[in-house]
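Numbering (the working numbering), first residue to last: 32 to 301.
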């Protein structure tokens with residue numbers, strides 16, 4: 032325990048917490064959207080139980096990866112469809128590919144429901160999930176998101192207590208921020224669509240990363256991972272576009288109302 036308080040380990044701990052915070056944004060977004068599918072009175076409870084269980088399982092996963100890191104990096108099976116699909120799939124790439132594909136499916140399903148239904152609230156009511164189901168998916172996807180951060184942590188230090196402490200601190204921060212993100216999305220429904228498209232891009236990023244880890248080639252072209260800097264740049268651009276579009280729409284509505292008012296005043300003076 033005392034080894035945690037050396038200057039080198041404290042600096043590494045700070046770096047790991049910052050890393051977990053940066054990599055955890057997409058996780059927070061998924062938690063907020065998934066918890067919305069349960070009854071309102073249970074949503075905060077689902078987020079808290081899901082995150083607390085995920086923290087415990089992250090520490091277990093950290094221990095397992097440390098003990099069996101070679102297994103996760105060793106090829107499990109090869110894909111050999113000459114000229115179409117080639118690659119060597121390992122445990123790491125399989126987990127990331129599954130997580131990315133599931134997130135893309137989740138985002139597209141929610142977007143399609145929004146497009147198809149006239150009453151969004153009716154869709155929410157019909158699509159209610161049980162607490163157990165929501166907690167299960169929050170914990171599972173939390174582990175998918177944490178896989179890369181754990182591997183990054185192992186690359187920075189070999190002290191288990193430093194890595195475990197960073198996971199606990201980042202988990203506590205997630206507990207605090209999850210409620211705030213969910214409250215913001217609930218109060219600003221217009222950003223819900225933006226959040227779903229961000230989640231969709233997160234899925235694409237994970238699939239591309241998993242494909243790169245598996246050395247996949249599609250029609251002879253290697254799958255390249257989407258850089259984190261590219262993801263955050265796209266995120267900022269999407270947010271700016273949404274803000275500008277929202278303000279422009281409000282301006283057009285204000286002009287339309289002014290024209291209607293002038294027309295009514297004109298009719299009244301005739």
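Cβ coordinates follow ideal geometry from the N, Cα and C atoms, glycine included.
Computed from a predicted structure; not experimentally measured.
Under the three-state reduction of DSSP, residue 109 is assigned to strand. Excluding its 5 nearest sequence neighbours in each direction, residue 199 has C-beta neighbours in its own chain below 7 Å: 86, listed in chain order. Taking 8 Å as the upper bound for CB-CB distance, residue 47 and residue 193 are in contact here, some 7 Å apart.
Boundaries of the beta strand (DSSP E) around residue 118: 116 to 121. Between residue 130 and the set 79, 238, 254, the nearest pair of CA atoms involves 238. Residue 66 is a Cβ neighbour of residue 74, given a cutoff of 7 Å. A Cβ-Cβ distance of about 6 Å is found for the pair residue 44 and residue 196, placing them in contact under the 8 Å criterion. Residue pairing by DSSP places residue 208 opposite no residue, since no beta bridge is assigned to it.
Relative to residue 126, the option among 265, 250, 138, 241 whose CA is nearest is 241. Counting every other CB atom within 10 Å of its CB across the protein chains shown gives residue 124 a total of 16 or more, marking it as buried. Under the DSSP definition of a beta bridge, residue 248 partners with 117, 253. Cβ neighbours of residue 212 within its own chain (closer than 6 Å, five residues either side excluded): 59, 63. Closest in C-alpha terms to residue 164, from the list 97, 78, 271, 203, comes 78. Residue 96 counts as buried, since no fewer than 16 other beta carbons sit within 10 angstroms of its beta carbon.
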